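Note sheet for the following structure.
Residue numbers (our numbering): 621 to 1559.
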């Protein structure tokens, strides 16, 4: 809004002090974020103007949201970044290109909005190197959605940059926006301050009774106090407002202010009112466009009376006194008046330079269906999609559907709008547009797309197995239409059942696999996807040998298939979880797991796909758990959690649970497991029950509490899941033999043999041989333990946690057969491996066994207080490899300043003074401190 002419902000000393503190911290080189919240007219915009006026020796940049039906992707962000675009060429290549495409400066694949966010963070950071930067965003609730999301991402990643951000958000409209960031909530002025403001506005003192009554009626709202006192005499105020016959004084304060603005409009000349309506319908505030539209309507653009009434300012741009004035002008006009103004704006807008706004105004001018208008909107939606503006694409397609005369075309556009809304994380609007599409005639292919969309919406909301039958139905429809989308959708259905965790039953993975194998679906166009579906579907139907062979054939194209475009990369990243689950839980192939997870992380980083990066990091962390590098696993999971929080996604629990079990920290593990069980019960994620059973089996076997391990591992086996059944069987065999439940142990071994029979890996052969050894004795057991040790060390990526465990079990068996010298050798190996991993429970179990052989073993010393956090350790490792701060920042989606901030802490903890000393000291650094540091990243 236009700032108050009053020099002092009456009654806002506390709020001004908070903003002054923000500036002090900014000038000292620190990052600050503040969200000023409150109702319309409460003084948010004036406070932003205040901090801008105080910001000497600071670069100030603004973005202002304007209430409008049209979404132009990144429009507000472009406005904010405009002063810094001369630095664009200095950004890393992927960031530079993402920003250029987002701002319509270049053509290319639609950029990931989080990569755009990183580019903005880097741009602001570079700008702050000469002077601190203050970003001010007024009426943030009306920014285009992707701009708001991007700025929120930037705000949550600020840590050590000389950049401050202050947002003004109107409540209740913007209640959901920027949640969780530091907030300054404004309420009405107190009675004394409101009275002071009122008397200043009327230019004299008022009788206390009159003043207090007026203040009470306005609830201390500064805008209401100023506007309702404007032009009113003390005599008018003496009778208050509640007794007035004017309807403008009834209802909530904000509504009353808006109606008061509307009543002032009635006194203006008709041509001035029309000019104001043009300005209200044109959200950019382009004065030249307003003049051209006025000429089209054959009116003289004379704004004098409106300026005299304090409603608007004219200059290079047009600004209303307050957004409520714009609202009063636009909604106070009749439908035909609004259509005429939009028609004039469409004619006045350049079709080459600004085709999207022209199409939008033409649509608003339409008084009925119009195919030409609908086609223009659809083309504008395509341009929005190319810039990465899915929300804008959805809005444009929705309006296109509304003005489409042909029912077939209307259904097609409504379906496209529904898909765009779903991609923009607006499932409620997606459902509404899907319902509209369903009411129209659709082609068989579009019917299949609609069925798939409804399933995706259901799965996104509930994560249960209810989506699988709908996805299977959609896949069958695609197959009937001979569409390459059929095989992709069958994989999606199997993925949904894997996530839900059910194998059997009508909604289970096996039913999905049977349907896929019998569908006769055509090729998807991707060799990797086709081979993966063949392998997974065959495995799930119980043919392990054929399925395993097909899965192994899929590995080569999965690892090496060219993904030259962003779309192809995203499709590969969607395949990755299904492939990984199959190679982990059916192929027992840690080498393949490592190759696929490494590629997933690299591809997600390369295109800035922050939605896909957290799960990729979690899978990569799982590899490090099994290779015994718990510190690296923790670093990856910490980064995944920080990114998930920064992007508004739920954290991925599976690998964190597994790591807690192998670490042997009972309190932490049980807390995580109980949370996982609660989530499983709430959302029907049966897979979480499976992993919880397996994790408790590992935990209690490590603690040598075999009776509890027996029960836990049994639940991991019985959860009817695709995942963790085989791993739970391994835990169950060990626990059952220790508890003397040999019948249970043999049954689990038989099932384990069946599951691993077709798996051609040392992991599979090693755990099977070890499990057999637990149920035999004498030379046969001795030979099986030796085979297990050899097999578990055979693969290129060795399963070191299981190798260490085999040394432990073999050493325990040797001690009980009185072969103490050889037992000591294997127990020492087990203890050293587990102790190095920080697998505390198994290390302690090995230590006790070593003591029983007569060897003295010291307990591991407590970790020093100077241990690196996961992110510090990760940054130190990358710096030790020779990566620059800029490259590390791009890798981890933080700014180079934040990298340097972390490195200074690393130097202090490691007792060094430069990065040159890192390679020599990083390997001997203390164990990673797994305390959550994501709060600093996520606000």
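Don't be surprised by glycine CBs; every beta carbon is placed ideally from N, CA and C.
Quantities reported herein were computed from a predicted structural model and do not represent experimental measurements.
- Using the Cα positions of residue 1209 and residue 1203, report the straight-line distance between them to the nearest angstrom. Taking the chain shown and counting its residues from 1, one reaches residue 1209 at position 589. Taking the chain shown and counting its residues from 1, one reaches residue 1203 at position 583. Each residue's Cα considered, the two are about 6 Å apart.
- Message: Quick check: the segment 1012-1025 against the segment 987-1000, are at least 3 beta-carbon pairs closer than 8 Å?
- Response: yes
- Task: Note down the Cα distance separating residue 1353 from residue 1471, rounded to an integer number of angstroms.
- Result: For this step, residue 1353 is matched to residue 733 along the chain shown. For this step, residue 1471 is matched to residue 851 along the chain shown. Looking at the two C-alpha atoms, the distance is approximately 26 Å.
- Item | Distance between beta carbons of residue 1281 and residue 1424, contact taken as under 8 Å | The residue labelled residue 1424 in the question sits at position 804 within the chain shown. The residue labelled residue 1281 in the question sits at position 661 within the chain shown. That pair is no contact at about 15 Å.
- Can you give the Cα-Cα distance for residue 1015 and residue 1251, rounded to whole angstroms? Numbered from 1 along the chain shown, position 395 holds the residue referred to as residue 1015. Numbered from 1 along the chain shown, position 631 holds the residue referred to as residue 1251. In a straight line, the C-alpha of residue 1015 is about 46 Å away from that of residue 1251.
- Candidates 1037, 1278, 1064: which alpha carbon is nearest residue 999's? As a working note, residue 999 is residue 379 in the chain shown. Comparing Cα positions, the closest option is 1037.
- Query: With respect to the beta strand (DSSP E) encompassing residue 784, which residues constitute its N-terminal and C-terminal limits?
  - Reply: Position 164 of the chain shown, counted from the first residue, corresponds to residue 784. Counting along the chain, the beta strand (DSSP E) containing residue 784 begins and ends at 783-790.
- Could you please give me the residues that DSSP links to residue 654 through a beta bridge? Your numbering for residue 654 matches position 34 in the chain shown. According to DSSP, residue 654 bridges with 786.
- Task: Would you mind sorting residue 630 into buried or exposed? The rule is 16 or more other CB atoms within 10 Å of its CB.
- Result: Along the chain shown, read from residue 1 onward, the residue named residue 630 stands at position 10. Residue 630 is buried by the Cβ-count criterion.
- Item | Contacting residues, own chain, Cβ-Cβ under 6 Å from residue 1328 (five flanking each side not counted) | Residue mapping note: residue 1328 aligns to position 708 of the chain shown, counting from 1. Once the five neighbours on either side are set aside, the close Cβ partners of residue 1328 are 1320.
- Item | With 16 other Cβ atoms within 10 Å as the buried cut-off, status of residue 903 | What you label residue 903 is simply residue 283 of the chain shown in a count that begins at 1. Residue 903 is buried by the Cβ-count criterion.
- Residues bridged to residue 804 (per DSSP): Numbered from 1 along the chain shown, position 184 holds the residue referred to as residue 804. Answer by DSSP bridge pairing, in chain order: 656.
- Alpha-carbon spacing of residue 1469 relative to residue 1493, whole angstroms: Here residue 1469 is taken as the residue at index 849 of the chain shown, counted from 1. Here residue 1493 is taken as the residue at index 873 of the chain shown, counted from 1. The alpha-carbon atoms of residue 1469 and residue 1493 are separated by roughly 33 Å.
- Task: Spatial neighbours of residue 1273 within its chain, please: CB distance less than 6 Å, with the 5 preceding and 5 following residues excluded, ordered by chain position.
- Result: Position 653 of the chain shown, counted from the start, is the residue given in the question as residue 1273. For residue 1273, where only same-chain residues beyond five positions count, the Cβ hits under 6 Å are 1296.
- Task: Pick helix, strand or coil for residue 1434, following the three-state DSSP scheme.
- Result: Looking up residue 1434 in the chain shown gives position 814. Helix.
- Complete alpha helix (DSSP H) runs within the segment 945-1027 (minimum length 4 residues, chain order): 955-968, 975-985, 991-1006, 1010-1022
- Query: Which residues in the same chain have their Cβ closer than 6 Å to the Cβ of residue 795, if we skip the five residues on either side of it in sequence?
  - Reply: Working through the chain shown from its first residue, we reach residue 795 at position 175. Cβ within range, chain order: n/a, list empty.
- Message: Taking only three categories from DSSP, how would you classify residue 828?
- Response: The residue labelled residue 828 in the question sits at position 208 within the chain shown. DSSP places residue 828 in helix when its eight states are reduced to three.
- If you pair each beta-carbon of the segment 711-730 with each one of the segment 640-657, do three or more pairs fall below 8 Å? no
- Could you check if residue 1464 is buried or exposed, using at least 16 other CB atoms within 10 Å of its CB as the buried criterion? Along the chain shown, one-based indexing puts residue 1464 at 844. Counting Cβ neighbours within 10 Å, residue 1464 comes out buried, since at least 16 surround it.
- Span of the alpha helix (DSSP H), counted from its first residue to its last, around residue 881: As a working note, residue 881 is residue 261 in the chain shown. Start and end: 873-885.
- Cβ pair residue 791, residue 658 closer than 8 Å: In the chain shown, the residue the question calls residue 791 occupies position 171. In the chain shown, the residue the question calls residue 658 occupies position 38. Yes, the pair counts as a contact, with Cβ atoms nearer than the cut-off.
- Give a yes or no on whether the minimum CB-CB distance between residue 1496 and chain B is below 8 Å. Although the question refers to chain B, the structure presented lacks it and comprises just one protein chain.
- Sheet register partners of residue 681 (DSSP bridge): One-based indexing of the chain shown puts residue 681 at position 61. Its beta-bridge partners are 755.
- Query: Counting along the chain, where does the alpha helix (DSSP H) carrying residue 1452 start and finish?
  - Reply: Residue 1452 sits at position 832 when you count from the first residue of the chain shown. Unbroken alpha helix (DSSP H) run through residue 1452: 1440-1457.
- Message: To the nearest angstrom, how far is the alpha carbon of residue 1421 from that of residue 1400?
- Response: Here residue 1421 refers to the residue found at position 801 of the chain shown. Here residue 1400 refers to the residue found at position 780 of the chain shown. Near 24 Å, if we compare the C-alpha coordinates of residue 1400 and residue 1421.
- Boundaries of the alpha helix (DSSP H) in which residue 1049 is found, first to last residue: Taking the first residue of the chain shown as position 1, residue 1049 is located at position 429. Residues 1047-1058.
- Coarse secondary structure for residue 1285, derived from DSSP in three states: Looking up residue 1285 in the chain shown gives position 665. Of the three classes helix, strand and coil, the one that applies to residue 1285 here is coil, per DSSP.
- Query: According to DSSP, what are the bridge partners of residue 933?
  - Reply: Translated into the one-based positions of the chain shown, residue 933 becomes position 313. Note: residue 933 sits in a beta bridge opposite 939.
- Query: For residue 906, does the three-state DSSP call read helix, strand or coil?
  - Reply: Working through the chain shown from its first residue, we reach residue 906 at position 286. Three-state DSSP puts residue 906 in a strand.
- Message: By the three-class DSSP mapping on this structure, what secondary structure does residue 663 have?
- Response: Sequence index remark: in the chain shown, residue 663 carries index 43 (1-based). Note: residue 663 maps to coil in three-state DSSP.
- Item | Inter-residue Cα distance where the pair is residue 1161 and residue 1133 | On the chain shown, residue 1161 is found 541 positions in, with the first residue counted as 1. On the chain shown, residue 1133 is found 513 positions in, with the first residue counted as 1. Cα to Cα, the separation comes out at about 6 Å.
- Item | residue 832 versus residue 811: straight-line alpha-carbon distance, rounded | Residue 832 sits at position 212 when you count from the first residue of the chain shown. Residue 811 sits at position 191 when you count from the first residue of the chain shown. Going by the C-alpha atoms only, they are around 7 Å apart.
- So, helix, strand or coil for residue 709, using DSSP? Walking along the chain shown from the start, residue 709 turns up at place 89. Residue 709 falls in the helix class under three-state DSSP.
- Message: Which same chain residues end up closer than 7 Å to residue 1197 when comparing Cβ atoms and leaving out the 5 residues on each side of it in sequence?
- Response: Against the chain shown, residue 1197 aligns to sequence position 577. Excluding residues within five positions, the ones whose Cβ falls inside 7 Å are 1115, 1235.
- Task: Taking 8 Å as the cut-off, decide whether the C-beta atoms of residue 1056 and residue 1034 are in contact.
- Result: Here residue 1056 is taken as the residue at index 436 of the chain shown, counted from 1. Here residue 1034 is taken as the residue at index 414 of the chain shown, counted from 1. Yes. Within cutoff.
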